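Colleague:
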Amino acid sequence: MQVRLCPFCAGEIPLTVSLCIHCGKELRSMKMAHPYEIVRDGLQYGIALGSEVRLHGLKLKKAQELEALLNNVLKDEKVG
Ligand SMILES: [Zn+2]
Numbered sequence: 006m007q008v009r010l011c012p013f014c015a016g017e018i019p020l021t022v023s024l025c026i027h028c029g030k031e032l033r034s035m036k037m038a039h040p041y042e043i044v045r046d047g048l049q050y051g052i053a054l055g056s057e058v059r060l061h062g063l064k065l066k067k068a069q070e071l072e073a074l075l076n077n078v079l080k081d082e083k084v085g
């Protein structure tokens with residue numbers, strides 16, 4: 006099963022749920038502002054856009070850096 010990581014508590018959650026099963030935070034509202042998500046990719050992590058995994062085989066720290074970077078780029082594009 007495909008999982009993503011909660012942006013608040015970094016717990017693993019199914020892609021389909023809109024509330025974090027660990028910390029109970031609403032995730033659906035994150036979707037628009039943060040379309041890129043960290044997902045579990047085998048033993049490592051990947052970056053997904055929507056439900057499609059675009060990057061594979063990342064360490065968690067790298068995945069977090071890239072996710073933040075990609076979401077920031079997107080935000081800047083919308084503003085500028
Ligand atoms: Zn959480």
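Take the sequence shown: its position 39, counted from the start at 1, is 44 in our numbering, and no numbers get skipped.
Here a beta-carbon is modelled for each residue, glycine too, at the ideal position from N, C-alpha and C.
Since we're looking at a predicted model, the values are computed, not measured.
Beta-carbon within less than 8 Å of I76's beta-carbon, same chain only, minus the 5 sequence neighbours each way: which residues are those?
Modeller: In the sequence on display, residue 76 carries Asn and not Ile. Excluding residues within five positions, the ones whose Cβ falls inside 8 Å are A38, H39, P40 and Y41.
Colleague: For a test of the three-state rule: what should DSSP assign to V78, helix, strand or coil?
Modeller: The answer is helix: DSSP assigns V78 an H, G or I state.
Colleague: Run through DSSP, which three-state label would A53 get?
Modeller: Strand, per DSSP.
Colleague: May I ask you to report which of helix, strand or coil DSSP gives L10?
Modeller: The answer is strand: DSSP assigns L10 an E or B state.
Colleague: Quick one: give me the first and last residue of the beta strand (DSSP E) that E17 is part of.
Modeller: Residues E17 to P19.
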